[in-house]
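The sequence shown begins at 80 in the working numbering and counts up by one.
From the three backbone atoms N, C-alpha and C, an ideal C-beta is built for every residue, glycine too.
Read the structure below first, then the notes.
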Amino acid sequence: APLEQSTLAFQQSGTIDHIAVNIGDMVHRGELLATIDPSTLQAQLSQAQAQAAQYSASAQGAVAGYPVQVQANQAAVQTSKASLDNARLVYEQNQQLYKQGYVSETQLQQSRSNYVQAQQTYNNAVVALRNNQVSAQNVRAQEAQAAAAGAQAHVISTQLSQTYLYAPYDAVVANRLVDPGAFASPSQPVLQVARIDRVWINVNVPDEDLGYVHPGTQVTFQSTSLPGRTLHAAIQTVNSVPTSGTLSYLARIQLQNPGYALRGGMLVSVTLTKSRAVGAIVVPRSAVAQTPNGDMVYTIADNKAQAVPVKVGVQTDTMAQVTSPRVHPGTMVITTRPDALKDGSLVAIAGASGPNAGTVH
Numbered sequence: 080a081p082l083e084q085s086t087l088a089f090q091q092s093g094t095i096d097h098i099a100v101n102i103g104d105m106v107h108r109g110e111l112l113a114t115i116d117p118s119t120l121q122a123q124l125s126q127a128q129a130q131a132a133q134y135s136a137s138a139q140g141a142v143a144g145y146p147v148q149v150q151a152n153q154a155a156v157q158t159s160k161a162s163l164d165n166a167r168l169v170y171e172q173n174q175q176l177y178k179q180g181y182v183s184e185t186q187l188q189q190s191r192s193n194y195v196q197a198q199q200t201y202n203n204a205v206v207a208l209r210n211n212q213v214s215a216q217n218v219r220a221q222e223a224q225a226a227a228a229g230a231q232a233h234v235i236s237t238q239l240s241q242t243y244l245y246a247p248y249d250a251v252v253a254n255r256l257v258d259p260g261a262f263a264s265p266s267q268p269v270l271q272v273a274r275i276d277r278v279w280i281n282v283n284v285p286d287e288d289l290g291y292v293h294p295g296t297q298v299t300f301q302s303t304s305l306p307g308r309t310l311h312a313a314i315q316t317v318n319s320v321p322t323s324g325t326l327s328y329l330a331r332i333q334l335q336n337p338g339y340a341l342r343g344g345m346l347v348s349v350t351l352t353k354s355r356a357v358g359a360i361v362v363p364r365s366a367v368a369q370t371p372n373g374d375m376v377y378t379i380a381d382n383k384a385q386a387v388p389v390k391v392g393v394q395t396d397t398m399a400q401v402t403s404p405r406v407h408p409g410t411m412v413i414t415t416r417p418d419a420l421k422d423g424s425l426v427a428i429a430g431a432s433g434p435n436a437g438t439v440h
């Protein structure tokens, strides 16, 4: 199986206008694979950027003018307060002088009018200064509007970047699911890619062999798709629970795949050495007969079959180690036994390499 395999889809919806790859193409990490029509998002981005610029300019102008306006209104309050205090003092003095007959009624009314006017001027200045607080709130509101518009432009810019589909890693295109003109959405797969520079080999280990398999165990394997090649690797992981419905456990091998010779779905035959015997005498497993008296092999002497008791040792799928003082390298044994074959049965040998005879190694 590929080391990694991904189904790719756009994060935005739209009409696909270009797909740059086909099944079997090799792609590199970050390579552009497909695009969707970006015109709607581009228009939205231009509008959002223009609005953000407008709000930003308004906020900057308000911020720049605000301190000057505050200073002017503060000065107006101070000046009008001084004028009010002076007008009040004159009016109060004229009231006393009028009672004493030193000023006329006209002068009294004039001082009163001046006092009322000064009071109105002061009140207006105070109101204007208070309005500066509202202006400050407006400045903050305009700044917030500018920030929100900028954030919206950033969101649309991000969405625009999502109209491009890139390769997540070096891979081969395993499947192309749509063509240009189709409508893309996050739920619509576009391409499937697989990383095959390294591959997983999945091995089902029978329960009885589990004790021989652990991370680091060395194995060899072959595939009919790669005749004449024997590959070597080490077990990387072994599942702790059996595969559902079986008594086998999944073991995985990770392997470099130069030239991409190994493909997903290939069947491989994995060989594991459970034990090793050096200098052993071996015969084909089919030559070993299991009898009530123990394991036997049939040798040939004077055209007669001779049952020879043996002790069976290490075995492979095809060969078995045997130990017997009567079996030596080169001893001819019968590998295909008729049901009627017994010790002493007459046998005929068509040829030393015929299908019914084998040689001890």
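Could you compute how far the alpha carbon of V100 sits from the alpha carbon of V106?
The count along the sequence shown starts at 1 and reaches residue 100 at position 21. The count along the sequence shown starts at 1 and reaches residue 106 at position 27. Taking the straight line from one Cα to the other gives about 8 Å.
Starting from the C-beta of N336, find all residues in its chain whose C-beta is less than 7 Å away, skip the five residues before and the five after it, and write them out in chain order.
Within the sequence shown, residue 336 is the residue found at index 257, counting from 1. So the list reads I275, D276, R277, V278, once near-sequence residues are dropped.
Please state the DSSP three-state secondary structure of L208.
Against the sequence shown, residue 208 aligns to sequence position 129. Helix.
Could you spell out the range, first to last residue, of the beta strand (DSSP E) harbouring P363?
By 1-based counting over the sequence shown, the position of residue 363 is 284. Here the beta strand (DSSP E) through P363 covers 361–363.
Buried or exposed: which applies to A220, given that a residue is buried once 16 or more other Cβ atoms fall within 10 Å of its Cβ?
Counting from one through the sequence shown, the residue named residue 220 turns up at place 141. With fewer than 16 Cβ atoms within 10 Å of its Cβ, A220 is classed as exposed.
Less than 7 Å between C-beta atoms, sequence neighbours within five positions excluded: which residues of the same chain meet that for A399?
Taking the sequence shown and counting its residues from 1, one reaches residue 399 at position 320. Cβ neighbours of A399 beyond the five flanking positions: V361, V362, R364, V367, V391.
Write down the C-beta distance between P388 and G373 rounded to the nearest angstrom, noting that I regard them as a contact closer than 8 Å.
Start at 1 with the first residue of the sequence shown, and residue 388 comes out as number 309. Start at 1 with the first residue of the sequence shown, and residue 373 comes out as number 294. That pair is a contact at about 6 Å.
Does the count of Cβ pairs from the stretch 81–96 and the stretch 235–253 closer than 8 Å reach three?
yes
Does DSSP put P337 in a helix, in a strand, or in coil?
Here the question's residue 337 lines up with position 258 in the sequence shown. Residue state, collapsed to three classes: helix.
Would you call N152 buried or exposed, if buried means 16 or more other Cβ atoms sit within 10 Å of its Cβ?
The residue you call residue 152 lines up with position 73 of the sequence shown. N152 should be labelled buried.
Taking the continuous beta strand (DSSP E) assigned at A273, which residues delimit it?
In the sequence shown, the residue the question calls residue 273 occupies position 194. Its beta strand (DSSP E) spans residues 270–285.
If V292 sits next to A330, beta carbons under 8 Å apart, how far is it from one beta carbon to the other, in whole angstroms?
In the sequence shown, residue 292 corresponds to position 213, counting from 1. In the sequence shown, residue 330 corresponds to position 251, counting from 1. At roughly 6 Å, the Cβ-Cβ gap stays under 8 Å, so V292 and A330 are in contact.
Beta-carbon within less than 6 Å of V249's beta-carbon, same chain only, minus the 5 sequence neighbours each way: which residues are those?
As a working note, residue 249 is residue 170 in the sequence shown. The amino acid at residue 249 is misidentified as Val; the sequence shows Asp. The residues are H107, R108.
Can you confirm whether the stretch 348–356 touches the stretch 289–304 when touching is taken to mean that 3 or more C-beta pairs between the two stretches lie within less than 8 Å?
yes
For S192, count neighbouring C-beta atoms within 10 Å of its own C-beta (all shown protein chains included) and say buried if the count is 16 or more, exposed if not.
Along the sequence shown, one-based indexing puts residue 192 at 113. Looking at its Cβ environment, which holds fewer than 16 other Cβ atoms inside 10 Å, S192 is exposed.
Count the other C-beta atoms from every protein chain shown that fall within 10 angstroms of the C-beta of Y181, then say buried if there are 16 or more, exposed otherwise.
Along the sequence shown, one-based indexing puts residue 181 at 102. With fewer than 16 Cβ atoms within 10 Å of its Cβ, Y181 is classed as exposed.
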